[in-house]
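Chains as they are written, first to last, in this note's numbering: chain A, 1 to 277; chain B, 1 to 281.
C-beta: ideal position from N, C-alpha, C; glycine also.
Bear in mind the structure is a predicted one, so any value in this text is a computation, not a measurement.
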Amino acid sequence: MEKGKFSDKIWFIILLFLAVVFLAPIFIVLLNSFKTKFSISQTPFLLPSKENFAGLSNYITGINNTGFMSAFFWSVFITVFSVAAIVVFTSMTAWYIIRRNNKTTNAIYYLFLSSMIVPFQMVMFTMSKIANVLSLDNPYGIILIYLGFGAGLSVFMFAGFVKSVPIGIEEAATIDGCNAFMTFWQVVFPILKPTAITVAILNTMWIWNDYLLPYLVIGSDYKTIPIAVQYLKGGYGSVDMGAMMAMLVLSVVPVVIFYLTCQKYIIKGVAAGAVKG
Amino acid sequence: MYKGLNKWFGVFCLPTLVAFFIAFFIPLIMGFYLSFCDFTSVTDATFVGLANYIKAFTDNKEFLSSLYFTVRFAVLSVISINLIAFLLALILTKGIKGTNLFRTVFFMPNLIGGIVLGYIWQLIINGFLYPLGYSITSNPKYGFIGLIVLMNWQMIGYMMIIYIAGINNISTEISEAAKVDGAGPIRTLFNITIPQVMPSITICLFLTITNSFKLFDQNLALTAGAPGKKTQMIALDIYNTFYGRIGFEGVGQAKAVIFSVIVAFIALLQLYLTRRKEVLN
């Protein structure tokens with residue numbers, strides 16, 4: 001018994017050390033966001049001193065140079081509405097595919113699945129041309145693009161869960177006079193809610209951080225946060241390291257807040273998503 | 001049942017299908033066709049047969065060298081991520097105090113986007129190299145190591161969560177039976193734990209392999225391929241062929257087709273091999 005406790009203590013110390021290593025990079029970026037830009041590259045591991053303390057000036061330059069506020073707005077806008085569209089439409093599609101269960105719906109299902117494995121580079125050029133021709137190259141049109149790209153994984157996950165929904169409840173609702181639409185939203189969707197949360201979380205993590213798709217589709221007119229960060233590097237001049245550090249901190253803060261508030265759902269969702277995968 | 005379900009096709013399936021065709025399926029078919037064409041925008045395509053595929057390999061060595069770089073990167077990162085994540089999962093299912101807090105910390109980097117991750121690690125690695133008079137772009141091996149470290153930092157927590165779920169799923173009866181039979185920790189690991197978490201191993205391998213091959217944002221932000229495109233991964237090479245060289249769009253598309261075939265082949269082969277192990281158990 002004593003021996004077991006001793007080894008637990010050693011594991012605890014090792015884990016503690018690892019946790020510090022895992023958190024250090026974020027902490028170091030935070031430190032450097034308060035230093036003057038020329039002292040960052042040379043001594044990134046030192047605390048800010050009297051000589052190189054920059055206050056909030058990096059944040060002000062960064063926000064002004066990248067248009068961070070508008071980038072933040074568009075990131076939130078695109079993520080929220082794309083995820084909502086994905087959850088609403090792919091859950092309906094998955095339910096229809098499973099309940100109809102004929103050759104056509106099976107073919108559609110496998111078509112969706114095939115999209116999960118194809119790399120984005122395969123379709124990026126033609127997709128951005130089509131988005132351009134159809135005037136989808138704006139923050140509203142991109143929602144449709146995300147629905148199309150998110151369909152594969154989301155339909156797959158919903159379909160896996162619909163199979164376990166007892167059909168008797170749905171039949172009872174139909175006898176009570178519900179049509180298919182009402183049956184789905186009043187009876188089936190409430191049962192699908194845990195999967196809906198998982199789907200929403202996985203898609204939020206993807207769309208919020210996505211760089212190349214929004215860059216190719218709407219990048220020059222509407223920047224999202226990853227585009228704004230990459231924009232700091234753009235051109236030939238040297239990067240303003242101070243502004244860069246401030247932007248990195250501002251990009252990480254919303255993610256950390258989101259994570260700490262929804263942590264339980266995120267970790268459950270990731271594990272559940274993997275089991276279905 | 002659901003006699004009238006057919007007439008609901010438009011409501012339930014059409015929106016998703018339309019979006020899927022516009023965003024993915026039509027671009028996929030067009031992309032495949034255009035890989036046999038010469039074009040600068042989609043409308044001026046002329047059929048050239050296999051010329052783009054030949055050019056992808058013969059025009060310069062970048063495609064093959066970036067493929068080689070990607071494979072080396074994928075092998076090392078897949079092994080290291082899965083080993084470390086599995087070990088952490090074993091430790092974090094022992095009931096040590098603070099388990100939840102550690103799990104939270106290890107998973108967090110996964111939520112940070114690739115571009116931001118790239119710049120964070122550029123700062124850290126340069127911080128080690130500047131005092132020695134180097135930077136991350138002075139030697140391709142720094143960029144290579146940097147990418148491996150970054151990828152581990154990002155993915156270990158994710159895979160750890162999946163392995164923890166797998167280990168917690170092992171029925172207590174089996175582990176109790178092993179204890180009664182006097183199996184030591186090593187035998188339990190190889191005869192009970194690993195066979196029982198095979199489904200988790202399948203998923204983790206799939207996710208790490210496909211993510212390693214498709215890596216783009218992190219590569220762009222950390223080194224952008226420097227020095228001299230020597231740390232350029234295959235996705236970035238395709239991007240640069242498309243958008244960096246006028247008149248090479250067809251070659252870029254041909255490279256993308258080859259890339260897709262490679263990723264699909266490796267992913268399906270891995271699924272087949274590890275799924276077979278699951279059935280055996």
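Taking just the CA atoms, how far does Phe45/A sit from Pro190/A?
The residue labelled residue 190/A in the question sits at position 190 within the first sequence. The residue labelled residue 45/A in the question sits at position 45 within the first sequence. One C-alpha to the other measures close to 50 Å.
Mapping DSSP to helix, strand and coil, what is Thr223/B?
In the second sequence, counting from the first residue as 1, residue 223/B sits at position 223. Of the three classes helix, strand and coil, the one that applies to Thr223/B here is coil, per DSSP.
Can you tell me whether DSSP reads Lys50/A as helix, strand or coil?
One-based indexing of the first sequence puts residue 50/A at position 50. Coil at Lys50/A, not helix or strand.
Quick test of your reading: Ala228/A and Phe20/B, contact by CB under 8 Å. State the CB separation rounded to the nearest angstrom.
Counting from 1 along the first sequence, the entry for residue 228/A is found at position 228. Counting from 1 along the second sequence, the entry for residue 20/B is found at position 20. Incorrect: roughly 29 Å between the Cβ atoms, too far for contact.
Give, in chain order, every unbroken run of the alpha helix (DSSP H) that is at least 4 residues long and sits entirely within the stretch 164-249 of chain A.
Counting only runs of 4 or more, we get 167-175, 180-183, 189-209, 212-218, 225-233.
Can you grab the Cα-Cα spacing for the pair Leu205/B / Thr104/B, in whole Å?
Position 205 of the second sequence, counted from the start, is the residue given in the question as residue 205/B. Position 104 of the second sequence, counted from the start, is the residue given in the question as residue 104/B. Straight-line Cα distance between these residues: approximately 22 Å.
Would Asn32/A count as contacting chain B if we go by Cβ distances under 8 Å?
Here the question's residue 32/A lines up with position 32 in the first sequence. Closer than 8 Å to some Cβ of chain B, the Cβ of Asn32/A qualifies, so yes.
What residues of chain A sit near Phe106/B, judged by a beta carbon separation below 8 Å?
Translated into the one-based positions of the second sequence, residue 106/B becomes position 106. The contacting residues are Leu18, Ala19, Phe22.
Measure the Cβ-Cβ separation of Asn209/A and Val83/A and say whether it is below 8 Å.
Sequence index remark: in the first sequence, residue 209/A carries index 209 (1-based). Sequence index remark: in the first sequence, residue 83/A carries index 83 (1-based). It is not a contact, given that the beta carbons lie outside the stated cut-off.
Per the contact definition of three or more C-beta pairs closer than 8 Å, is the stretch 247-262 of chain B in contact with the stretch 172-184 of chain B?
The answer is no - the stretch 247-262 of chain B does not touch the stretch 172-184 of chain B, with fewer than three Cβ pairs under 8 Å.
Output the distance between the C-alpha atoms of Thr66/A and Phe81/A, rounded to the nearest integer angstrom.
Here residue 66/A is taken as the residue at index 66 of the first sequence, counted from 1. Here residue 81/A is taken as the residue at index 81 of the first sequence, counted from 1. Their Cα atoms are separated by approximately 23 Å.
Rounded to the nearest angstrom, how far is the Cβ of Leu147/A from that of Phe89/A, given a contact under 8 Å?
Taking the first residue of the first sequence as 1, we reach residue 147/A at position 147. Taking the first residue of the first sequence as 1, we reach residue 89/A at position 89. Confirmed, Cβ separation roughly 6 Å.
Does the beta-carbon of Phe34/A, which I'm using as the reference point, lie nearer than 7 Å to any heavy atom of the ligand HEM?
This structure simply doesn't include the ligand HEM, nor any ligand for that matter.
Helix, strand or coil for Lys35/A, going by three-state DSSP, please let me know.
What you label residue 35/A is simply residue 35 of the first sequence in a count that begins at 1. Reduced to three states, the DSSP call for Lys35/A is strand.
Between the alpha carbons of Asn179/A and Trp8/B, how many angstroms are there, rounded?
For the purposes of this step, residue 179/A is identified with residue 179 of the first sequence, where counting begins at 1. For the purposes of this step, residue 8/B is identified with residue 8 of the second sequence, where counting begins at 1. So the two alpha carbons sit approximately 10 Å from each other.
So what does DSSP say about Thr46/B, is it helix, strand or coil?
By 1-based counting over the second sequence, the position of residue 46/B is 46. If DSSP states are grouped into helix, strand and coil, Thr46/B belongs with the strands.
Between Ser138/B and Tyr163/B, is the Cβ-Cβ spacing less than 8 Å?
Within the second sequence, numbered from 1, the residue matching residue 138/B stands at position 138. Within the second sequence, numbered from 1, the residue matching residue 163/B stands at position 163. No; because the gap between Cβ atoms is not below 8 Å, this pair is not in contact.
Please check if any C-beta of chain A sits within less than 8 Å of the C-beta of Ala178/B.
In the second sequence, residue 178/B corresponds to position 178, counting from 1. Not closer than 8 Å to any Cβ of chain A, the Cβ of Ala178/B fails to qualify, so no.
In terms of residue numbering, what span does the alpha helix (DSSP H) encompassing Pro15/B cover?
Locating residue 15/B in the second sequence gives position 15, counting from the first residue. Here the alpha helix (DSSP H) through Pro15/B covers 14-20.
Is Leu15/A near Phe32/B, with beta carbons less than 8 Å apart?
Position 15 of the first sequence, counted from the first residue, corresponds to residue 15/A. Position 32 of the second sequence, counted from the first residue, corresponds to residue 32/B. No. Outside cutoff.
Out of Gly242/A, Gly269/A, Val255/A, Tyr259/A, state which residue places its alpha-carbon closest to the alpha-carbon of Gly55/A.
Within the first sequence, the letter at position 55 stands for residue 55/A. For the residues Gly242/A, Gly269/A, Val255/A, Tyr259/A, the minimum Cα distance to Gly55/A belongs to Gly242/A.
Please report how far the alpha carbon of Leu280/A lies from the alpha carbon of Met127/A, in whole angstroms.
Absent from the model: residue 280/A. The displayed extent of chain A is 1 to 277, so no value can be given.
Using a Cβ-Cβ cut-off of 8 Å (strictly less than) and excluding sequence neighbours within five positions of Ile192/B, which residues of its own chain qualify?
For the purposes of this step, residue 192/B is taken as the residue at position 192 of the second sequence. Only Ile170, Ile174, Ser175, Ala178, Ala183 meet the Cβ criterion.
Go through its chain and collect everything with a Cβ distance to Asn152/B's Cβ below 6 Å, but skip five positions before and after it.
Numbered from its first residue, the second sequence carries residue 152/B at position 152. Once the five neighbours on either side are set aside, the close Cβ partners of Asn152/B are Ser80, Ile81.
Exposed or buried, Arg99/A, counting other C-beta atoms within 10 Å across all chains shown (16 or more means buried)?
In the first sequence, the residue the question calls residue 99/A occupies position 99. Buried: at least 16 other Cβ atoms inside 10 Å.
Please return the same chain residues whose Cβ sits closer than 8 Å to the Cβ of Tyr134/B, not counting the five positions on each side in sequence.
For the purposes of this step, residue 134/B is taken as the residue at position 134 of the second sequence. If we look at Tyr134/B and ignore the five residues flanking it on each side, its Cβ neighbours are Tyr142.
When the Cα atoms are used, what is the spatial distance from Gly114/B to Pro226/A?
For the purposes of this step, residue 114/B is identified with residue 114 of the second sequence, where counting begins at 1. For the purposes of this step, residue 226/A is identified with residue 226 of the first sequence, where counting begins at 1. The alpha-carbon atoms of Gly114/B and Pro226/A are separated by roughly 8 Å.
Check whether the Cβ atoms of Leu147/B and Leu222/B sit closer than 8 Å, and answer yes or no.
In the second sequence, counting from the first residue as 1, residue 147/B sits at position 147. In the second sequence, counting from the first residue as 1, residue 222/B sits at position 222. Contact flag set, yes.
Using a Cβ-Cβ distance under 8 Å, would Val263/B count as near chain A?
Against the second sequence, residue 263/B aligns to sequence position 263. Cβ-Cβ to chain A under 8 Å: yes for Val263/B.
Does the beta-carbon distance from Ala94/A to Val162/A come in below 8 Å?
Translated into the one-based positions of the first sequence, residue 94/A becomes position 94. Translated into the one-based positions of the first sequence, residue 162/A becomes position 162. Contact: yes.
Is there a Cβ of chain A sitting closer than 8 Å to that of Arg103/B, yes or no?
Your numbering for residue 103/B matches position 103 in the second sequence. Yes, contact with chain A.
Could you check whether the Cβ of Asp8/A sits closer than 8 Å to any Cβ belonging to chain B?
Your numbering for residue 8/A matches position 8 in the first sequence. By this cut-off, Asp8/A is an interface position.
Under 7 Å between beta-carbons, which chain B residues line up against Ala151/A? List them in chain order, please.
Your numbering for residue 151/A matches position 151 in the first sequence. Thr16, Ala19, Phe20, listed in chain order.
Starting from the beta carbon of Ile148/B, find every residue of chain A whose beta carbon is closer than 7 Å, and list them in chain order.
In the second sequence, residue 148/B corresponds to position 148, counting from 1. Per Cβ cutoff of 7 Å: no residues; Ile148/B is ~15 Å from chain A at best.
Can a CB atom of chain A be found closer than 8 Å to the CB of Glu249/B?
Here residue 249/B corresponds to residue number 249 of the second sequence, with the count starting at 1. Cβ-Cβ to chain A under 8 Å: yes for Glu249/B.
Could you check whether the Cβ of Phe158/A sits closer than 8 Å to any Cβ belonging to chain B?
Here residue 158/A refers to the residue found at position 158 of the first sequence. No, its Cβ sits nowhere closer than 8 Å to a Cβ of chain B.
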